[in-house]
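Residues are numbered in my numbering as their position in the sequence shown, beginning at 1, plus a constant of 105.
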Amino acid sequence: MLVIVAPGQGAQTPGFLSPWLELDGVADRLRGWSEVAGLDLVRAGTEADAEEIKDTAVAQPLLVAAGLVTARALFPDENAARGLVGAVAGHSVGEITAAAGAGVLSAHDALTFVRERSLAMAEAAAATETGMLALLGGDAEEVAAKLAEHGLTAANNNGGGQIVAAGTLPQLDALREDPPAGSRLVALKVAGAFHTSHMAPGVERLAKLAPTLTVADPEVAYVSNQDGQVVASGAEVLSRLVSQVSNPVRWDLCMETLQQLGATAVIELAPAGTLTGLVKRNLKGVATLALKTPADLDKARALVAEHGGQEQEQA
Numbered sequence: 106m107l108v109i110v111a112p113g114q115g116a117q118t119p120g121f122l123s124p125w126l127e128l129d130g131v132a133d134r135l136r137g138w139s140e141v142a143g144l145d146l147v148r149a150g151t152e153a154d155a156e157e158i159k160d161t162a163v164a165q166p167l168l169v170a171a172g173l174v175t176a177r178a179l180f181p182d183e184n185a186a187r188g189l190v191g192a193v194a195g196h197s198v199g200e201i202t203a204a205a206g207a208g209v210l211s212a213h214d215a216l217t218f219v220r221e222r223s224l225a226m227a228e229a230a231a232a233t234e235t236g237m238l239a240l241l242g243g244d245a246e247e248v249a250a251k252l253a254e255h256g257l258t259a260a261n262n263n264g265g266g267q268i269v270a271a272g273t274l275p276q277l278d279a280l281r282e283d284p285p286a287g288s289r290l291v292a293l294k295v296a297g298a299f300h301t302s303h304m305a306p307g308v309e310r311l312a313k314l315a316p317t318l319t320v321a322d323p324e325v326a327y328v329s330n331q332d333g334q335v336v337a338s339g340a341e342v343l344s345r346l347v348s349q350v351s352n353p354v355r356w357d358l359c360m361e362t363l364q365q366l367g368a369t370a371v372i373e374l375a376p377a378g379t380l381t382g383l384v385k386r387n388l389k390g391v392a393t394l395a396l397k398t399p400a401d402l403d404k405a406r407a408l409v410a411e412h413g414g415q416e417q418e419q420a
């Protein structure tokens, strides 16, 4: 069973979209979406530096647009694609890309939603200086206790002993000075404490936008960050996209569900690499491919031919 996944904020790197612009129609599509996204997507994906694309208001629309154009390059016929893909999932903002891939939202509405999400989260992040740190390794109970001691939230559980802590910059500095035994700390390229109570104002803002969007029920299994469950209702998917802004990402549970569904291959949309790395470590025997540039398309098509169209098992 073939699974398509979309990465979250922090996966972006300067110029990562440049090779994709060599494909016919990609630049025009991005220019058309730029007006909806409120952002020059071509420039952001090719010329902007690391600091600029770290900005939440830039990073999030850029990531969703990148996922949509690379998915279109792999699957020119969207209807045929939904007969080949068994499940979709995204990490944080990647859930919006996944929702569009599953047919829940149109590309236009996905970009409308992510524009509002990015502005709301950037505004919430500006209210207090906050950030995120990945903790790799260490005893799970000790990590949880240390985060609680410093007033931090486990904003992401990425499986395999990778927890992302989020909170104020002084709280994160205190954790750096007093880390859990056996944990390695890595700063993330994000500008706020996402998926925590610091983002509550963003939830309110998105809740006002949601009724103006058109949703349909997913045409493939949509696996939610909230609890790793398959969500069959388009309205429920949208509701979860709204609330997820201030709630932890449970990518560990998403991977468990993908395994239960019978996943045999996972392709990650650009800017790819983060999620396939997690899948490799946690789902042994599952084929993976990071779709980083058009040079990866032939290998991706081979995986689609080998694994696409198989029925998923019941989770």
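Quick reminder that beta carbons are idealized off the backbone N, C-alpha and C, glycines included. Computed from a predicted model, the values in this text were never measured in an experiment.
Let me make sure I understand the geometry here. Which of Glu361, Ala153, Thr362, Ala259 has the alpha-carbon closest to that of His300?
The residue you call residue 300 lines up with position 195 of the sequence shown. Selected option, being the one with the closest Cα: Ala259.
With distance defined between alpha-carbon atoms, name the residue in Glu127, Gln117, Pro119 nearest to Ala489.
Absent from the model: residue 489. The displayed extent of the chain is 106 to 420, so no value can be given.
Could you spell out where the beta strand (DSSP E) holding Gln267 opens and where it closes?
Along the sequence shown, one-based indexing puts residue 267 at 162. Run containing Gln267: 267 to 273, per the beta strand (DSSP E) assignment.
Close-in-space but distant-in-sequence residues of the same chain around Ala111 (CB under 6 Å, 5 per side omitted):
The sequence position of residue 111 within the sequence shown is 6, counting from 1. Cβ neighbours of Ala111 beyond the five flanking positions: Gly172, Gly195, Gly199, Thr202, Ala203, Leu374.
Secondary structure at Gly195, three-state DSSP: helix, strand or coil?
Counting from one through the sequence shown, the residue named residue 195 turns up at place 90. In the three-state reduction of the DSSP assignment, Gly195 falls in the strand class.
In chain order, which continuous runs of the alpha helix (DSSP H) of length 4 or greater are located wholly inside the segment 153 to 231?
The segment 153 to 231 contains these whole alpha helix (DSSP H) runs: 155 to 159, 161 to 179, 183 to 189, 199 to 206.
Looking at Met360 and Gly264, is the spacing between their C-beta atoms short of 8 Å?
By one-based count along the sequence shown, residue 264 stands at place 159. By one-based count along the sequence shown, residue 360 stands at place 255. Gly264 is a Cβ neighbour of Met360, given a cutoff of 8 Å.
So, does the segment 234 to 251 touch the segment 285 to 293, judging by three or more C-beta pairs under 8 Å?
Yes, the segment 234 to 251 is in contact with the segment 285 to 293.
Can you name, in chain order, every residue of its own chain whose Cβ lies under 8 Å from the Cβ of Leu121, other than the five neighbours on each side?
In the sequence shown, the residue the question calls residue 121 occupies position 16. At residue 121 the sequence reads Phe, which differs from the Leu that was named. So the list reads Gly150, Ala171, Ala375, Pro376, Lys397, once near-sequence residues are dropped.
Would you list the one or two residues that DSSP bridges to Ala370?
Here the question's residue 370 lines up with position 265 in the sequence shown. BP columns for Ala370 point to Leu107, Ala392.
State buried or exposed for Lys389, treating a residue as buried only when at least 16 other CB atoms are found within 10 Å of its CB.
Here residue 389 is taken as the residue at index 284 of the sequence shown, counted from 1. Counting every other CB atom within 10 Å of its CB across the protein chains shown gives Lys389 a total below 16, marking it as exposed.
Count the other CB atoms, across all protein chains shown, that sit within 10 Å of the CB of Arg281; report buried if there are 16 or more and exposed otherwise.
Here residue 281 corresponds to residue number 176 of the sequence shown, with the count starting at 1. By the neighbour-count definition (other C-beta atoms within 10 Å, threshold 16), Arg281 is an exposed residue.
Measuring straight from C-alpha to C-alpha, what distance separates Gly367 and Val347?
Indexing the sequence shown from 1 puts residue 367 at position 262. Indexing the sequence shown from 1 puts residue 347 at position 242. If I take the Cα positions, the gap works out to 29 Å.
Could you tell me the distance, in whole angstroms, from the CA atom of Ala305 to the CA atom of Gln114?
As a first step, residue 305 must be located in the sequence shown, where it is residue number 200. As a first step, residue 114 must be located in the sequence shown, where it is residue number 9. Taking the straight line joining both Cα atoms gives about 18 Å.
Span of the beta strand (DSSP E), counted from its first residue to its last, around Ala239
What you label residue 239 is simply residue 134 of the sequence shown in a count that begins at 1. Ala239 -> beta strand (DSSP E) spans 235 to 241.
By Cβ distance below 7 Å, which residues in the same chain neighbour Gln117 in space, the five residues on each side in sequence not counted?
Translated into positions along the sequence shown, residue 117 becomes position 12. Ile158, Ala164, Leu167, Leu168, Pro376.
Just the C-alpha distance for Gln331 and Val354, rounded to the nearest angstrom, thanks.
Residue numbering aside, residue 331 sits at position 226 when the sequence shown is read from its first letter. Residue numbering aside, residue 354 sits at position 249 when the sequence shown is read from its first letter. So the two alpha carbons sit approximately 6 Å from each other.
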